[in-house]
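Positions in the sequence shown are counted from 1; adding 384 to them yields this note's numbering.
Note that beta-carbon positions come from the ideal geometry of N, C-alpha and C, so glycine has one too.
This report concerns only the one structure given below.
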Amino acid sequence: MQKLYVFVPLLNVVGCLYFLLIISLEPAQTSLGLDLVWEQPDVLLVGGMLFIVLATSVAKSRLAKMLGLIINIVVIGMMSVFLWWLHVPVLVTDYLWLWALLMIFNVCLIGWGWMQLWGR
């Protein structure tokens, strides 16, 4: 798990940025049918999550890594609940599926890491 732990926060950072993209896309009358709208609360929310996730990436001890895994799974849960609560436009659902696949892979990596750290 020593080598794989770095990828958990990395995937969460990518997931947070992708989450910002999903919540910022709104239907519009453009050629793509979507418009990118940056709202300050959304950017601050994602900035806070990025700060927390990046703070977990510097964990060195076994206990700190286990705490980091818990924090990362909570961040994934928060994003999932927020997207469940948010009514995503139909045109954004493809982006939502890609985000979900990325987060499923990250949850599997967190589960693998938890088993590795718990078994020591």
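Quick one: using the 10 Å Cβ neighbour count with 16 as the cut-off for buried, is residue i buried or exposed?
i      : result
Trp468 : exposed
Ile494 : buried
Gly497 : buried
Leu395 : buried
Met463 : buried
Trp483 : buried
Leu453 : buried
Would you report the Cα separation of residue i and residue j, rounded to the nearest angstrom?
i      : j      : result
Ile455 : Glu423 : 25 angstroms
Met474 : Ile460 : The question names Met, but residue 474 in the sequence shown is Val. If I take the Cα positions, the gap works out to 22 angstroms.
Leu409 : Tyr479 : 10 angstroms
Leu416 : Val476 : 11 angstroms
Leu451 : Thr414 : 45 angstroms
Phe466 : Ala448 : 27 angstroms
Leu501 : His471 : 38 angstroms
Phe435 : Ala412 : 31 angstroms
What does DSSP give as the partner residues of residue i in its beta bridges?
i      : result
Pro411 : Leu418
Can you tell me whether residue i is helix, strand or coil according to DSSP?
i      : result
Lys449 : helix
Leu512 : The requested residue 512 does not occur in the structure, where the chain is confined to residues 385 to 504.
Leu470 : coil
Ala443 : coil
Gly503 : coil
If you drop the 5 nearest sequence neighbours on each side, which residues of the same chain put their C-beta closer than 8 angstroms to that of residue i?
i      : result
Phe391 : Leu493
Asp426 : Leu404, Ile407, Ser408
Go through its chain and collect everything with a Cβ distance to residue i's Cβ below 6 angstroms, but skip five positions before and after it.
i      : result
Met487 : Gly399, Ile460
Might you give, ordered along the chain, the residues of its own chain that have their beta carbon closer than 7 angstroms to the beta carbon of residue i, omitting 5 neighbours on each side?
i      : result
Val421 : Ser408, Glu410
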